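The structure under discussion appears below in the form of structure tokens.
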Amino acid sequence: DSGVTQTPKHLITATGQRVTLRCSPRSGDLSVYWYQQSLDQGLQFLIQYYNGEERAKGNILERFSAQQFPDLHSELNLSSLELGDSALYFCASSANTVNTEAFFGQGTRLTVV
Amino acid sequence: AQSVTQLGSHVSVSEGALVLLRCNYSSSVPPYLFWYVQYPNQGLQLLLKYTSAATLVKGINGFEAEFKKSETSFHLTKPSAHMSDAAEYFCAVSDGNQGGKLIFGQGTELSVKP
Chain A
4 DSGVTQTPKH LITATGQRVT LRCSPRSGDL SVYWYQQSLD QGLQFLIQYY
54 NGEERAKGNI LERFSAQQFP DLHSELNLSS LELGDSALYF CASSANTVNT
104 EAFFGQGTRL TVV
Chain B
88 AQSVTQLGSH VSVSEGALVL LRCNYSSSVP PYLFWYVQYP NQGLQLLLKY
138 TSAATLVKGI NGFEAEFKKS ETSFHLTKPS AHMSDAAEYF CAVSDGNQGG
188 KLIFGQGTEL SVKP
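These protein sequences, in sequence, are chains A and B. Under the working numbering, the first residue of the first sequence is numbered 4, with each subsequent residue one higher. Under the working numbering, the first residue of the second sequence is numbered 88, with each subsequent residue one higher.
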């Protein structure tokens, strides 16, 4: 158990809909990362938050957004969903932003039908 | 920009044989390198990390990796494969200046034959 909790584990939704994925980091970790894992793209970094503020942005679509709340949990919002958004979405957390190892949650498997 | 290349999307070994998974990196600054393992339907678990303290890094489950700057490599090895080692392995690079995000290779699926 990494200490990172993601909910829900599975999500099936229709095209055009909006979903919210939730992540609770390890106790004490200030940094939260979101990654997308798909067969064609592999593991791609989406976005990072540190202590409530956006720290780095990767290949995140404009239809996607995220935030980190004062209690340090984070949410990833995916809207106007397309079939190609079907993937495994991972949240990871680390103590800070300087090369400490990241601990990954079990992921949320999103299926868009 | 940083990048990671894992040579071989699939590696198959016999139980008890040497495991060698290859990783080459590209980085304009001293890299921090990681190996993660992903078992089916699970998240990623850190096997080991290189942060410039020592070039030979020992990790969990008997795995180790050697950082070779001249070859820009960070290959993962294990002397004797177990059936339980069957999983997908990811090499990743991080640049502290960019906040610690990880750039992953495409992954190598390891199969272990009895």
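Ideal Cβ placement from N, Cα and C applies to all residues, glycine included. Note that the structure is predicted; figures quoted are calculated from it, not measured.
As DSSP reads the structure, A:L42 sits in no beta bridge.
The closest CA to that of B:S99, considering only B:Y112, B:A168, B:Q89 and B:Y123, is found on B:A168. The C-alpha of B:G130 is placed about 27 Å away from the C-alpha of B:T159. For A:A59, at least one C-beta of chain B is nearer than 8 Å to its own C-beta. Taking 8 Å as the threshold, the shortest C-beta distance from A:Y92 to chain B does not fall below it.
Taking a cut-off of 8 Å on C-beta distances, the region 6-24 of chain A touches the region 78-93 of chain A, as three or more cross pairs fall below it. A distance below 6 Å between beta-carbons, with the five flanking residues on each side excluded, links B:E175 to the following residues of its chain, in chain order: Q125, G194 and E196.
A:L79: member of the beta strand (DSSP E) spanning S77 to L81, first to last residue. Excluding five sequence positions before and after A:Q109, the CB atoms of its chain that fall closer than 7 Å to its own CB belong to Q9 and K12, given in chain order.
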